[in-house]
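**Q** Before I ask anything, here is the structure I am working with.
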Amino acid sequence: MRVQADGIRNWPELLARMQQQPHVRAVSPALYEQVLISRGARATGAVLKGIMPQYENQVSELLKDVTFGSAAALESTSAAQNPSARDSKEAFPPIVLGKEMADDLGAAVGSVVLITSPQGELTP
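According to this note's numbering, the sequence shown is numbered sequentially starting from 866.
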């Protein structure tokens with residue numbers, strides 16, 4: 866199911882209903898959004914796929930293909946929820962970049978990138 870609007874407001878309830886269907890093996894909420902990703906003076910356009918790892922791992926091998934660093938950081942509780950971590954690098958949500966995009970941005974494991982969306986806050 867894809868929605869071209871401001872997201873699916875009741876996605877947790879919809880997810881639960883879909884999981885109850887006998888012919889459904891697994892479900893995973895995601896969002897896709899065109900964004901600008903930048904690091905310093907370098908920038909590139911991209912389509913961001915926002916996922917919830919605990920669900921994504923049930924429907925794809927995407928996170929198992931990470932070769933530099935680890936996708937495990939995606940599964941940990943976000944430090945962004947901790948107000949005392951606001952000014953630290955740990956306050957930013959983790960992201961996995963493709964090798965070519967990381968090279969274009971001059972990014973490596975642990976680098977901070979800025980993601981700008983014309984839509985504002987993104988929700989599933």
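Glycine included, every Cβ here is placed at the ideal spot set by N, Cα and C.
1) Tell me E898's beta-bridge partners as DSSP assigns them.
2) Considering only residues of the same chain and omitting the five flanking positions on each side of F933, which have a CB-CB separation below 6 Å?
3) What is the DSSP secondary structure of A956, reduced to helix, strand or coil?
4) In terms of residue numbering, what span does the beta strand (DSSP E) encompassing L979 cover?
5) Let's see if you can read the secondary structure: which residues bound the alpha helix (DSSP H) around N922?
6) Among the candidates Q899, I960, F957, whose CA atom is the shortest distance from the CA of T981?
7) Are the Cβ atoms of L901 and G915 separated by less than 9 Å?
8) Considering only the beta carbon of each residue, do V892 and V924 sit closer than 9 Å?
9) Relative to the alpha-carbon of F957, which residue among V977, E940, L970, K964 has its alpha-carbon at the smallest distance?
10) Could you check the C-alpha separation between L970 and G905 for me, to the nearest Å?
11) Bridge partners for A908 per DSSP, in chain order?
**A** So, from the data block:
1) On the sequence shown, position 33 is the one that residue 898 refers to. For E898, which the question treats as bridged, DSSP gives the partners L913.
2) Taking the first residue of the sequence shown as position 1, residue 933 is located at position 68. Within the same chain, Cβ atoms closer than 6 Å to the Cβ of F933 are found at V974, the five residues on either side in sequence being excluded.
3) Residue 956 sits at position 91 when you count from the first residue of the sequence shown. In this structure, A956 counts as helix in the three-state DSSP scheme.
4) Position 114 of the sequence shown, counted from the start, is the residue given in the question as residue 979. First-last of the beta strand (DSSP E) with L979: 979-981.
5) By one-based count along the sequence shown, residue 922 stands at place 57. Where N922 is concerned, the enclosing alpha helix (DSSP H) stretches over 918-924.
6) Locating residue 981 in the sequence shown gives position 116, where the first residue counts as 1. Taking T981 as reference, the option from Q899, I960, F957 with the minimal CA-CA separation is Q899.
7) If you number the sequence shown from 1, residue 901 lands on position 36. If you number the sequence shown from 1, residue 915 lands on position 50. Not closer than 9 Å, so no.
8) Translated into positions along the sequence shown, residue 892 becomes position 27. Translated into positions along the sequence shown, residue 924 becomes position 59. Yes, these two residues count as a Cβ contact at 9 Å.
9) Residue mapping note: residue 957 aligns to position 92 of the sequence shown, counting from 1. Considering only V977, E940, L970, K964, the residue with the shortest C-alpha distance to F957 is V977.
10) Here residue 970 refers to the residue found at position 105 when the sequence shown is read from its first residue. Here residue 905 refers to the residue found at position 40 when the sequence shown is read from its first residue. Each residue's alpha carbon lies about 8 Å from the other.
11) Residue numbering aside, residue 908 sits at position 43 when the sequence shown is read from its first letter. Residue pairing of A908 in beta bridges, as defined by DSSP: S903.
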